[in-house]
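Participant:
In full-length UniProt numbering, the protein residues as written are 1 to 562.
(1) Pull up the distance between the alpha-carbon of residue 164 and that of residue 425, whole angstroms please.
(2) Around the C-beta of residue 456, are 16 or more other C-beta atoms found within 10 angstroms, so that it is buried, or is it exposed?
(3) Which whole runs of the beta strand (DSSP E) in the region 207–268 are 3 residues long or more, in chain order?
(4) Could you tell me the boundaries of the beta strand (DSSP E) in which residue 410 lies?
(5) Assuming residue 88 contacts residue 115 under a Cβ cut-off of 8 Å, what Cβ separation, rounded to an integer in Å, is found between them?
(6) Given a cut-off of 8 Å on the beta-carbon distance, is the pair residue 534 and residue 509 in contact?
(7) Is there contact here, the region 333–340 with the region 513–525, by at least three beta-carbon pairs under 8 Å?
(8) Using DSSP's beta-bridge definition, name the partner residues of residue 430.
(9) When burial is assigned at 16 or more other CB atoms within 10 Å of the CB, is residue 247 buried or exposed?
(10) Quick one: using the 10 Å Cβ neighbour count with 16 as the cut-off for buried, is residue 383 buried or exposed?
(11) Counting pairs of beta carbons, one from the region 218–235 and one from the region 175–194, are three or more of them closer than 8 Å?
(12) Is it true that the CB of residue 405 sits closer than 8 Å to the CB of residue 411?
(13) Taking the alpha-carbon positions, what's the residue 365 to residue 334 distance?
(14) Quick one: is residue 216 buried, meaning 16 or more other Cβ sit within 10 Å of its Cβ, or exposed?
(15) How is the alpha helix (DSSP H) around residue 491 delimited, first residue to last?
(16) Can you list, in chain order, the stretches of the beta strand (DSSP E) that have 3 or more residues and sit fully within the region 169–211?
(17) I'd like to check one pair, residue 403 with residue 360: are the Cβ atoms closer than 8 Å?
(18) Flag this pair as yes or no: are the beta carbons of residue 59 and residue 68 separated by less than 8 Å?
(19) Taking the CB atoms as reference points, tell me whether residue 203 and residue 93 lie closer together than 8 Å.
(20) From residue 256 to residue 197, what distance separates their C-alpha atoms?
(21) At which residues does the alpha helix (DSSP H) containing residue 289 begin and terminate?
(22) Just to confirm my understanding: we take residue 148, look at its own chain, exclude 5 residues before and 5 after, and list those with CB closer than 6 Å. What are they?
(23) What ranges does the beta strand (DSSP E) occupy inside the region 282–327, keeping only unbroken runs of at least 3 residues that lie completely in it?
(24) Could you check whether residue 157 and residue 532 sit closer than 8 Å to each other, using their CB atoms as the reference points?
(25) For the alpha helix (DSSP H) that contains residue 340, what are its first and last residues?
(26) Considering only their Cβ atoms, is the gap separating residue 292 from residue 281 smaller than 8 Å?
(27) Quick one: what does DSSP say residue 518 is sitting in, helix, strand or coil?
(28) What runs of the alpha helix (DSSP H), each 4 residues or longer, lie entirely inside the region 439–482?
(29) Which stretch, first to last residue, makes up the beta strand (DSSP E) that contains residue 367?
(30) Taking 8 Å as the cut-off, decide whether the C-beta atoms of residue 177 and residue 128 are in contact.
(31) Could you pull out every unbroken beta strand (DSSP E) segment of at least 3 residues lying fully inside the region 506–552, listed in chain order?
(32) If I follow the unbroken beta strand (DSSP E) through residue 123, where does it start and stop?
(33) Measure the alpha-carbon distance for residue 465 versus residue 385 and round it to whole angstroms.
(34) I'd like to know if the region 116–123 and the region 39–53 are in contact, where contact means that at least 3 CB-CB pairs between them fall below 8 Å.
(35) Might you give, ordered along the chain, the residues of its own chain that have their beta carbon closer than 8 Å to the beta carbon of residue 449, omitting 5 neighbours on each side?
(36) Mapping the DSSP letters down to three states, classify residue 276 as helix, strand or coil.
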């Protein structure tokens, strides 16, 4: 599949254009990149059917560029931009806190083109002298450079998900494989993953390795052995395959799922009984096998309930499993509505009708349109007049569809409150608010808005974006207390770049916060992102009752209006 390769080029084109100061086009390229990345079908097949323009966000110009690249393996427009802006945009924007605009400023001010240039300038104290940076940001950049280097090897789970699913399907499709599992951080549903780790069962490991190393997108075979092989597939992604015996499959599944800290802790429990636990099984003091064929057997022998993979981070799950008090985790099928989606009234790529049609196809009971408020011009923020037009369209659509359509707005928290009037707030079925800049008094601004406006949902609360933007520096304890007092729900965003609120904070506040899991979908394909938000809620130990949009709209409304 060329999807990842093409989306990467489109993302970089967007970044180069932004550095050059081009308006509007970067957003168009990012939309196209995002939608191609989310495809489950190979973009080459779509090209062969001459249906590239059927992909949301892909117009005539972008379709031509994709066609050119697929036909020739080159794209002159992209290469020209790289020459015009000789900046290693991918790796520089992997540094948390640096986006294309920051990279542009550092390039123009200090000639920084690479990660090495950035590190040298930060260590020399030159970044602090650039307007808008300062010593604190310089220190943060230095701290985050190592993470950025690691980020070159890590992928967002939501972006790599279609590729992994396709890979698993292709491996399973080979007759020589009896069972296949993707393990590691992917199985634990961590927000980012490195290599793809595959565990498999086969009676003929030699043939299995031959099939694996000859998959159609293999670019390089790094190692090929009897029980382990490693390959590089399209997109420079490493895939490791291990083949184990059936009698050890469960213990191997447990071991290679991790996390390392979970494994260390659970092995110590076995050791306390004078037993031994490793990837081959659970053994007593006489080296007799006690369990290993199934994960559940291993946990059971250790007097624990089964621990779902998402929880295996050594954050109390082992002790809870011993007590039999693990939560009954929320599942995707529990979700009844999506309380943040966008349309082409602001920066969405689909009409309200198209979004509703797709929501109905995936059996949602209700959706909330919350297009951006007027101050967020870069996202095509809508006016109150446009909101009123939306309201009329919602009435018409509600007469036509079974899914209940609600209307709100994603209002921007600004210096003196919100970017919409209180009268406008009252027109909303639910009012969502977010902060899209990073003022020093962010905590006070958020608290003031919660006290003075009829806020229902606080969306992408910390404003983080992986590899490019740090979380807001706010007093989260104080703000969560205020959400509890004011009956304001906290969003767990399903957007792969965000997954915000992050799972650690979800777990920390789950006894006092009420969460909604929303997709923040800007296209019809992104409505499927819900699975990623649910995974973060599960990692945060949420059960069904912790999440408002597992309830009927009347019950959700009753809480939020309470």
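The beta carbon of each residue, even a glycine, is placed where N, CA and C say it ideally should be.
Facilitator: The answer reads as follows:
(1) On the chain shown, position 164 is the one that residue 164 refers to. On the chain shown, position 425 is the one that residue 425 refers to. When rounded, the separation of the alpha-carbon atoms in residue 164 and residue 425 is 42 Å.
(2) Your numbering for residue 456 matches position 456 in the chain shown. Classification of residue 456: buried, given that the 10 Å Cβ count is 16 or more.
(3) Correct list: 218–224, 228–233, 237–243.
(4) In the chain shown, counting from the first residue as 1, residue 410 sits at position 410. Run containing residue 410: 404–414, per the beta strand (DSSP E) assignment.
(5) Translated into the one-based positions of the chain shown, residue 88 becomes position 88. Translated into the one-based positions of the chain shown, residue 115 becomes position 115. Indeed they touch by this definition, with Cβ atoms about 7 Å apart.
(6) Here residue 534 is taken as the residue at index 534 of the chain shown, counted from 1. Here residue 509 is taken as the residue at index 509 of the chain shown, counted from 1. Their beta carbons are not under 8 Å apart, which means residue 534 does not touch residue 509 by this criterion.
(7) Touching, per the Cβ criterion.
(8) As a first step, residue 430 is located in the chain shown; it is residue number 430 there, counting from the start. According to DSSP, residue 430 bridges with 408.
(9) What you label residue 247 is simply residue 247 of the chain shown in a count that begins at 1. Classification for residue 247: exposed.
(10) By one-based count along the chain shown, residue 383 stands at place 383. Exposed, since its Cβ has fewer than 16 Cβ neighbours within 10 Å.
(11) no
(12) By 1-based counting over the chain shown, the position of residue 411 is 411. By 1-based counting over the chain shown, the position of residue 405 is 405. Contact: no.
(13) Translated into positions along the chain shown, residue 365 becomes position 365. Translated into positions along the chain shown, residue 334 becomes position 334. Roughly 11 Å between the two C-alpha positions.
(14) Your numbering for residue 216 matches position 216 in the chain shown. Its Cβ having fewer than 16 others within 10 Å, residue 216 is exposed.
(15) Residue 491 sits at position 491 when you count from the first residue of the chain shown. It is not in any alpha helix (DSSP H) - residue 491 instead sits in the beta strand (DSSP E) that spans 489–493.
(16) 179–182, 196–201
(17) Looking up residue 360 in the chain shown gives position 360. Looking up residue 403 in the chain shown gives position 403. Yes, Cβ-Cβ distance for residue 360 and residue 403 is below 8 Å.
(18) Here residue 59 is taken as the residue at index 59 of the chain shown, counted from 1. Here residue 68 is taken as the residue at index 68 of the chain shown, counted from 1. Cβ distance not < 8 Å, so residue 59 and residue 68 don't count as in contact.
(19) Here residue 203 refers to the residue found at position 203 when the chain shown is read from its first residue. Here residue 93 refers to the residue found at position 93 when the chain shown is read from its first residue. Not in contact: residue 203 and residue 93 (Cβ atoms no closer than 8 Å).
(20) Taking the first residue of the chain shown as 1, we reach residue 256 at position 256. Taking the first residue of the chain shown as 1, we reach residue 197 at position 197. Whole-angstrom Cα-Cα distance: 8 Å.
(21) Position 289 of the chain shown, counted from the first residue, corresponds to residue 289. Element bounds for residue 289: not the alpha helix (DSSP H) but the beta strand (DSSP E), 289–291.
(22) By 1-based counting over the chain shown, the position of residue 148 is 148. Excluding residues within five positions, the ones whose Cβ falls inside 6 Å are 94, 95.
(23) For secondary structure counted as the beta strand (DSSP E) over 3 or more consecutive residues, the region 282–327 holds these complete runs in sequence order: 289–291.
(24) Numbered from 1 along the chain shown, position 532 holds the residue referred to as residue 532. Numbered from 1 along the chain shown, position 157 holds the residue referred to as residue 157. Contact flag set, yes.
(25) Numbered from 1 along the chain shown, position 340 holds the residue referred to as residue 340. Careful: residue 340 lies outside any alpha helix (DSSP H), inside the beta strand (DSSP E) at 337–341.
(26) As a working mapping, residue 281 is identified with position 281 in the chain shown. As a working mapping, residue 292 is identified with position 292 in the chain shown. In this structure, residue 292 lies closer than 8 Å to residue 281 by Cβ.
(27) Taking the chain shown and counting its residues from 1, one reaches residue 518 at position 518. If DSSP states are grouped into helix, strand and coil, residue 518 belongs with the strands.
(28) 442–452
(29) For this step, residue 367 is matched to residue 367 along the chain shown. Segment 366–372, the beta strand (DSSP E) holding residue 367.
(30) In the chain shown, residue 177 corresponds to position 177, counting from 1. In the chain shown, residue 128 corresponds to position 128, counting from 1. No, these two residues do not count as a Cβ contact at 8 Å.
(31) 515–518
(32) The residue labelled residue 123 in the question sits at position 123 within the chain shown. Per DSSP, residue 123 belongs to no beta strand (DSSP E); it is in the alpha helix (DSSP H), 115–123.
(33) Stepping through the chain shown from its first residue, residue 465 is reached at position 465. Stepping through the chain shown from its first residue, residue 385 is reached at position 385. When rounded, the distance between both Cα atoms is 31 Å.
(34) no
(35) As a working mapping, residue 449 is identified with position 449 in the chain shown. Closer than 8 Å at the Cβ level, and outside the excluded window around residue 449, lie 413, 417, 418, 433, 455.
(36) For the purposes of this step, residue 276 is taken as the residue at position 276 of the chain shown. In this structure, residue 276 counts as strand in the three-state DSSP scheme.
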